[in-house]
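Structure first, commentary second.
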Amino acid sequence: MLAQKKIEINTSFVKKRNFIYFQYYRYIF
């Protein structure tokens, strides 16, 4: 159960980070 929640937190963090990277690259180009 604890590992599952940890995975959910990690995936949400990665999605958020990817979204920020996407916005950053779109701003540059």
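Numbered per the numbering used here, the sequence shown spans residues 18 to 46. Heads up, the beta-carbon is just placed ideally off N, CA and C, and yes, glycines get one too.
Inter-residue Cα distance where the pair is residue i and residue j
i, j, result
"residue 45", "residue 34", "17 angstroms"
"residue 25", "residue 40", "23 angstroms"
"residue 36", "residue 30", "10 angstroms"
Residue i CB to nearest heavy atom of the ligand HEM below 7 angstroms
i, result
"residue 32", "Absence of the ligand HEM is noted for the structure shown, with no ligands found whatsoever."
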